[in-house]
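Order-wise, the sequence lines are chains U and P.
Take the first sequence: its position 114, counted from the start at 1, is 114 in our numbering, and no numbers get skipped.
If you want our numbering, it's the position in the second sequence, counting the first as 1, plus 115.
Where a beta carbon is used, it is the ideal one built from N, C-alpha and C, also for glycine.
Being a predicted model, the structure only gives us computed values, none of them experimental.
In what follows, a single structure is set out as structure tokens and then discussed.
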Amino acid sequence: DPKIIQKPKYLVAVTGSEKILICEQYLGHNAMYWYRQSAKKPLEFMFSYSYQKLMDNQTASSRFQPQSSKKNHLDLQITALKPDDSATYFCASSQDGTGVSYEQYFGPGTRLTVL
Amino acid sequence: QEKVQQSPESLIVPEGAMSSLNCTFSNSASQSIWWYQQHPGKGPEALISIFSNGNKKEGRLTVYLNRASLHVSLHIRDSQPSDSAVYLCAVSGGGSNYKLTFGKGTLLTVTP
């Protein structure tokens, strides 16, 4: 059974619209993350949450808003979509530990295309 | 801002050979260095990590870390066609335990 579920797998949106990317993890982890991977760029950190609190935000734009309704959920709302937002968005999770870097487990990704 | 550079961009080796991948990072205070494997259309999967100077071996994988030269390498012994994938070097720390900074990756192809 998949331990990290991301929905949908593929998403096509029009410029200016709003979409929500869903992530649920069943690993019992307290830390969750969003990363973005676009063509010819490295996998890029966006947000980290620990115990449903925002820990790091490396996304300059307020158009990207994470939403944590439950401990094992971290959705990503993207508003006013632009073609440059086209990328694969990965959710990840890990144990939480102060001063320790634990393995991050990645989901299968949501491929977003903005026309 | 942490920077991670990987080389080579791509590598082709015959089955049974040793594959050697390199990674340099910019912050000597970085915590752990991770190697991830990513197959097309899939999320990255962690293979091995290292924190202390020196080497670490797990199965066919050996990783070497030299913090003074900000360099880490991954060696895959007896490479198999199933090892063909993109290998990502990732560095944690630099002010946050939660953030991984990734390199662009090395595309490894193992030919039968």
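query, result
"Buried/exposed call for N181 (chain P), threshold 16 Cβ in 10 Å", "exposed"
"DSSP state of D85 (chain U) mapped onto helix, strand, coil", "helix"
"Residue-chain proximity (E103 (chain U), chain P), Cβ-Cβ < 8 Å", "yes"
"Endpoints, the beta strand (DSSP E) within which V14 (chain U) is located", "That residue, V14 (chain U), is in no beta strand (DSSP E); it is neither H nor E in DSSP."
"Coil, strand or helix - D198 (chain P) by DSSP", "helix"
"Pair within 8 Å by beta-carbon distance, P66 (chain U) and Y49 (chain U)", "yes"
"Exposed unless 16 or more other CB atoms sit within 10 angstroms - verdict on H154 (chain P)", "exposed"
"Pick from P:T221, P:V119, P:R192 that is closest to S145 (chain P), judged by C-alpha positions", "P:V119"
"Buried versus exposed, by CB contacts within 10 Å (16 or more), V14 (chain U)", "exposed"
"Ordered list of beta strand (DSSP E) runs contained in the region 39 to 74 of chain U, each at least 3 residues", "44 to 50, 53 to 57, 64 to 67"
"The region 55 to 69 of chain U: positions lying closer than 8 Å to chain A by Cβ", "Protein chains in the displayed structure are U and P, and chain A is not among them."
"Cβ-Cβ distance between Y151 (chain P) and L162 (chain P) below 8 Å", "yes"
"Expected contact under 8 Å - CB spacing of L222 (chain P) and V201 (chain P) to nearest Å", "5 Å"
"Cutoff 6 Å; reference I20 (chain U); Cβ partners in own chain excluding five residues on either side", "D75, Q77"
"DSSP three-state assignment for F140 (chain P), whether helix, strand or coil", "strand"
"Whether G115 (chain P) touches Q121 (chain P) by CB criterion (8 Å)", "Nothing about residue 115 (chain P) can be reported from this structure: the residues present for chain P run from 116 to 227 only."
"Own chain partners of A31 (chain U) with C-beta closer than 6 Å, once the 5 adjacent residues on each side are dropped", "S50, S94, D96"
"Supposed contact pair Y35 (chain U) and L43 (chain U) - C-beta distance, whole angstroms, cut 8 Å", "5 Å"
"Interface flag, Y10 (chain U) vs chain P, CB-CB below 8 Å", "no"
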